[in-house]
Amino acid sequence: MEGSKVSRIHLPHATEVPPPAREITPRIRRPLGEQIDTQTPLHQLVTTLQRKKWFLLAMILAGGVLAAALGLARPALYEATTQVLVDAPSRAAPAGGLSSTQDLLESSIDDHITMLSSQSHLRSVVAELRKVDAANVAGTADATHQADVTTATSSPDPARGEPPQLRSVVDGLLAKIWPRSTPADPDAAELKLLREGIRIGQELRSRVISVGFTDKDPVRAALVANTFVQVYIADLARRNQTADEQELDSIVAGLPALRDNLAEATDHLEKYRLSHGAVDQGAADNAAKEAAELTQQISMSKADLAAQETRLHRIQDLRKQNAPVASLAQAIGTPELADLAARQAGASADKAPNKAIDSAVEQGLARVAAEVDIYRAQVAALEDRKKVLDAVVADTAGRLSGLRALEPQVSILTQRYNDLLSRQQDLERRIANPSPGVGVLSAAWPPVNPTTLPPIFLVPPGMIVFGLIGGILLLLRRRFDRTLRGEAEAEAVLRVPCLALIPQSAATHAKRLKQLVLGQQESGYSRAVTSLLVAAAPSQWSARSSQIMLVTSSTPVDGATELAWSLALVATRLGGRVLVVDLEPKGARLTLEFLNQYGGPKARHSFADYVCDRCTLGDAVTG
Numbered sequence: 009m010e011g012s013k014v015s016r017i018h019l020p021h022a023t024e025v026p027p028p029a030r031e032i033t034p035r036i037r038r039p040l041g042e043q044i045d046t047q048t049p050l051h052q053l054v055t056t057l058q059r060k061k062w063f064l065l066a067m068i069l070a071g072g073v074l075a076a077a078l079g080l081a082r083p084a085l086y087e088a089t090t091q092v093l094v095d096a097p098s099r100a101a102p103a104g105g106l107s108s109t110q111d112l113l114e115s116s117i118d119d120h121i122t123m124l125s126s127q128s129h130l131r132s133v134v135a136e137l138r139k140v141d142a143a144n145v146a147g148t149a150d151a152t153h154q155a156d157v158t159t160a161t162s163s164p165d166p167a168r169g170e171p172p173q174l175r176s177v178v179d180g181l182l183a184k185i186w187p188r189s190t191p192a193d194p195d196a197a198e199l200k201l202l203r204e205g206i207r208i209g210q211e212l213r214s215r216v217i218s219v220g221f222t223d224k225d226p227v228r229a230a231l232v233a234n235t236f237v238q239v240y241i242a243d244l245a246r247r248n249q250t251a252d253e254q255e256l257d258s259i260v261a262g263l264p265a266l267r268d269n270l271a272e273a274t275d276h277l278e279k280y281r282l283s284h285g286a287v288d289q290g291a292a293d294n295a296a297k298e299a300a301e302l303t304q305q306i307s308m309s310k311a312d313l314a315a316q317e318t319r320l321h322r323i324q325d326l327r328k329q330n331a332p333v334a335s336l337a338q339a340i341g342t343p344e345l346a347d348l349a350a351r352q353a354g355a356s357a358d359k360a361p362n363k364a365i366d367s368a369v370e371q372g373l374a375r376v377a378a379e380v381d382i383y384r385a386q387v388a389a390l391e392d393r394k395k396v397l398d399a400v401v402a403d404t405a406g407r408l409s410g411l412r413a414l415e416p417q418v419s420i421l422t423q424r425y426n427d428l429l430s431r432q433q434d435l436e437r438r439i440a441n442p443s444p445g446v447g448v449l450s451a452a453w454p455p456v457n458p459t460t461l462p463p464i465f466l467v468p469p470g471m472i473v474f475g476l477i478g479g480i481l482l483l484l485r486r487r488f489d490r491t492l493r494g495e496a497e498a499e500a501v502l503r504v505p506c507l508a509l510i511p512q513s514a515a516t517h518a519k520r521l522k523q524l525v526l527g528q529q530e531s532g533y534s535r536a537v538t539s540l541l542v543a544a545a546p547s548q549w550s551a552r553s554s555q556i557m558l559v560t561s562s563t564p565v566d567g568a569t570e571l572a573w574s575l576a577l578v579a580t581r582l583g584g585r586v587l588v589v590d591l592e593p594k595g596a597r598l599t600l601e602f603l604n605q606y607g608g609p610k611a612r613h614s615f616a617d618y619v620c621d622r623c624t625l626g627d628a629v630t631g
C-alpha cells in the first residue's frame, strides 16, 4: 500500500468513466419510518444479561460469599425450654358439660400466658437473675481469695506469675447480653433482651405451657428459662398465700359474730319449745291422719243416711198410693212380708193375712226409720269428733309453724358456722402448704443443637438476593445508559441508515492502528471494520471492480480518519489496491504518520493539480 495525502491506487489516468451505480443493500434502502428495534423486551433483557454476565456472576458469587461470612460471623443461638403443667379446673365448674370445662381451662391458660408476659413479671425475673449473678460472682471471688491465701502461705513459685483477675462466666455473659442502659431506666436493656429472647405458648390444646429462652450460651438459656418459671411459680404461690391469709383473717373476724347469732337463735328456739310445749311430729301426723279417716267415715255415713232416707220416703209414698203388697215387700225387703204377699194372692177374702201384712209393713217401716235415726246420730257423732280433731290439728299446726319458723334460722346459721370452720381449716392447711395452681412438668437443660441455621443454608438465599440486585442494577443502568450498541439503535436514534457500529479504538498512531487491524485480526475492532467493508462493498471482491467510498464525519473527534485508514488496511489485507485521498484542509496527524513511516518519495504535484488536469494521477500520488 502507498499512502500520502493521496495514496496510490494502480489505475491508469484515462477518460474517467462514472463509477457503476452500486445497488444499495436493502438495509440502506430501508425507510427511516420503519420500526428498527424488532426485539421483544424479553429478548432485550436476555441480551443485556448476556452482555453483563460476568458482572451478574460476580454479584451472585459476592452474595454467596457475603452470606457465608455473615453466617460464620453470626453466633449460634440455643433455645432451652421449660414445660409448665396447669392444674385441671375444679369439679365444681358451672353446668355445661365438657365444653364448659374446656372453656374454663382455656381461660385459665390464657390468664397464665398473659401474666407470664407481663412487665412486672419480667422485672421480677431480671431482679432474680441479678441476684443469681451476684451470688455467682461472690462465690467466684471467695474461691479466688482462698486460692490467693493458699498461694501466699505456700512456697513461692518463680515460674508462676500473678494470677489473672477471674470473672464469672455468667457475669461476663450478662455484661455482653445486657449492657448498661441509661440511668433513667436501668432495666430497659435487660427487659428488652429478655422480651426478645423469651417465647411463651401453649402446646396444642393441652394443659402444658412451654417457656423457651434463646441465647448464645446454652447454659445461660437453660438458667433463664428455669428462673423465669420458678419466679412465676413462687410469685403465684405467694399471691395465693396472701389471698388465703386475707380470707382467713376475714373469716376469723366474722366467726364471733356468727357464733353469737347462732347462740341467740338457739336460745329463742328453746324458749319457744318450753313455752309452747314439746310438739311431737308423730302425734301431729297421727292427728292429721285420724282427721282424714274421720272425714272419710263422715262422707260414707252421710251417703248411707241419704240412701236410707230415700228408701223411707219411697215406702211412705207407696203406702200413700195404696201400692200392691208386692211393691211394698220389694221396697221394704223383708222375707216375711214377701210370704204374706204370696199368701194374700191365694186367699184374697181372708182378712187375717191383711192384718198380718199391715203389721209387717208397719214393722218394716219402723225398722227403716230406726236405721235412718241411727245413721243421723252416727253422722252427728262423727262431726263432733271431727270438730275436736280440727281444733287439735289447728293448735298443733300453730305450734309447729312457730317452731319451723325458728328451726331454719338455727339450721342456716349452724350450716354457715360449720362451713366457715371447714373453710378456716382448709385455709390454714393451704397457708401452711401454698399451692400456685401450676407446676414444672419438665425443667430446661442446656441444649446441644443450636436453633440457628448452618451458614451453608444462607448461601443460596444470599446468591439469589444479590443476583436479583445485580439484575436490577443492570436494568437501571440500561435504562439510563445512552450508549448505542447496535446499528439498529443508531439508525433509530440518528434517523439515518446505518450499516454497523465500530468500537472506539484506542490506537491513535499509525503503527498501533496497523498492528490492531492487520496483526490482531480476531479483535473486535478488526472484525467490525472488516464486516463494515464487506457490507458496504460486497461486489468489489466478487467482480474485482473499483469502488469509491467516502468517509466523512460530523465532528472533528468522530474518528473519520482512523476509520478511513482502517478500511484501507482491511482492503489491502483482503488483496485489494487502495488509494486514500485525505481531503482535510490541514494534514491529519494520522495521515502524516502513515506518509512518514510507510510512504515513498513525495509527489511533485498535488491532488488539486490532478483535478485540474495539470498532471497525471501518478504524479499526484505519494508512494
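At the far end of the sequence shown sits residue 631, using the numbering used here, and the numbering has no gaps.
Built from N, CA and C at the ideal position, the CB exists for glycine as well.
Query, Result
"Got a sec? Which residues, its chain only, sit under 6 Å from Leu113 by beta carbon, not counting five neighbours each side?", "Pro97"
"Let me confirm a value: Thr560 is counted as buried when at least 16 other C-beta atoms fall within 10 Å, else exposed. Which label applies?", "exposed"
"On a CA-only basis, which of Met557, Gln512, Ser562 is nearest Ala641? Give me that one, please.", "Because the chain in this structure spans residues 9 to 631, residue 641 falls outside the shown range and cannot be described."
"Grab me the residues of Asp398's own chain with a C-beta within less than 7 Å of its C-beta, minus the 5 sequence neighbours each way, in chain order.", "Ala299"
"Among Leu137, Ala273, Asn426, Glu272, which residue has its Cα nearest to the Cα of Val239?", "Leu137"
"Secondary structure at Val446, three-state DSSP: helix, strand or coil?", "strand"
"Secondary structure at Asp617, three-state DSSP: helix, strand or coil?", "helix"
"May I ask you to check if the CB of Asp366 is nearer than 7 Å to at least one heavy atom of the ligand COA?", "Among the ligands in the structure shown, none appear at all, so the ligand COA cannot be discussed."
"Specify the secondary structure class of Gln91 as computed by DSSP and reduced to three states.", "strand"
"Count the other CB atoms, across all protein chains shown, that sit within 10 Å of the CB of Ser309; report buried if there are 16 or more and exposed otherwise.", "buried"
"Please go through the same chain and pick out, in chain order, the residues whose beta-carbon is closer than 8 Å to the beta-carbon of Arg393, but skip the five residues on each side of it.", "Leu302"
"Measuring straight from C-alpha to C-alpha, what distance separates Ala75 and Asn457?", "21 Å"
"Any idea what DSSP makes of Ile206, helix, strand or coil?", "strand"
"Quick one: what's got a C-beta closer than 7 Å to Ala296's C-beta in the same chain, skipping five residues either side?", "Val401"
"In chain order, what residues of the same chain lie with their CB nearer than 7 Å to the CB of Leu202, ignoring the 5 residues before and after it?", "Leu130, Val133, Val134"
"Under DSSP, the alpha helix (DSSP H) around Val467 begins and ends at which residues?", "467 to 488"
"Relative to the alpha-carbon of Ile472, which residue among Leu64, His51, Glu592 has its alpha-carbon at the smallest distance?", "Leu64"
"What are the start and end residues of the alpha helix (DSSP H) that includes Thr599?", "597 to 606"
"So who's on the other strand from Phe221, going by DSSP bridges?", "Ala88, Ile206"
"Considering Met557, what are the terminal residues of the alpha helix (DSSP H) in which it resides?", "It is not in any alpha helix (DSSP H) - Met557 carries neither H nor E in the DSSP assignment."
"In terms of residues, what are the limits of the alpha helix (DSSP H) holding Val629?", "Where Val629 is concerned, there is no enclosing alpha helix (DSSP H), given that its DSSP letter is neither H nor E."
"Taking the alpha helix (DSSP H) that Thr580 falls in, what are its first and last residues?", "568 to 581"
"In terms of residues, what are the limits of the alpha helix (DSSP H) holding Lys61?", "61 to 81"
"Relative to the C-alpha of Ser419, which candidate in Arg384, Ala508, Leu277 has its C-alpha closest?", "Leu277"
"For Gln324, I'd like the list of residues in its chain whose CB is within less than 6 Å of its CB, leaving aside the five on either flank, ordered along the chain.", "none"
"Kindly indicate which residue of Asn604, Gln555, Thr569, Tyr618 has the alpha-carbon position closest to the one of Val586.", "Gln555"
"Should the segment 427 to 442 be regarded as contacting the segment 221 to 229, the criterion being three or more beta carbon pairs within less than 8 Å?", "no"
"When you compare the CB positions of Ile477 and Met67, do they come within less than 8 Å of one another, or not?", "yes"
"Let's test the definition: count the other Cβ atoms within 10 Å of the Cβ of Ala576 and tell me whether it reaches 16, buried, or not, exposed.", "buried"
"Under three-state DSSP, which class holds Val237?", "helix"
"To the nearest angstrom, how far is the alpha carbon of Tyr533 from that of Val629?", "29 Å"
"State the start and end residues of the unbroken alpha helix (DSSP H) segment that holds Ser534.", "532 to 544"
"As a quick exercise: from Leu521, Pro564, Val380, pick the residue whose alpha carbon is nearest that of Tyr606.", "Leu521"
"Count the C-beta pairs between the segment 240 to 251 and the segment 436 to 449 that are closer than 8 Å, then say yes if the count reaches three, no if not.", "yes"
"Work out the CA separation of Ile208 and Pro172 for me, nearest whole Å.", "Unreliable placement is indicated for Pro172, whose pLDDT of 40 sits below 50; no coordinate value is reported for it."
"In its own chain, which residues sit with a C-beta less than 7 Å from the C-beta of Ala452, not counting the 5 before and 5 after it?", "Ala88, Thr89, Thr90, Ala230, Ala233, Asn234"
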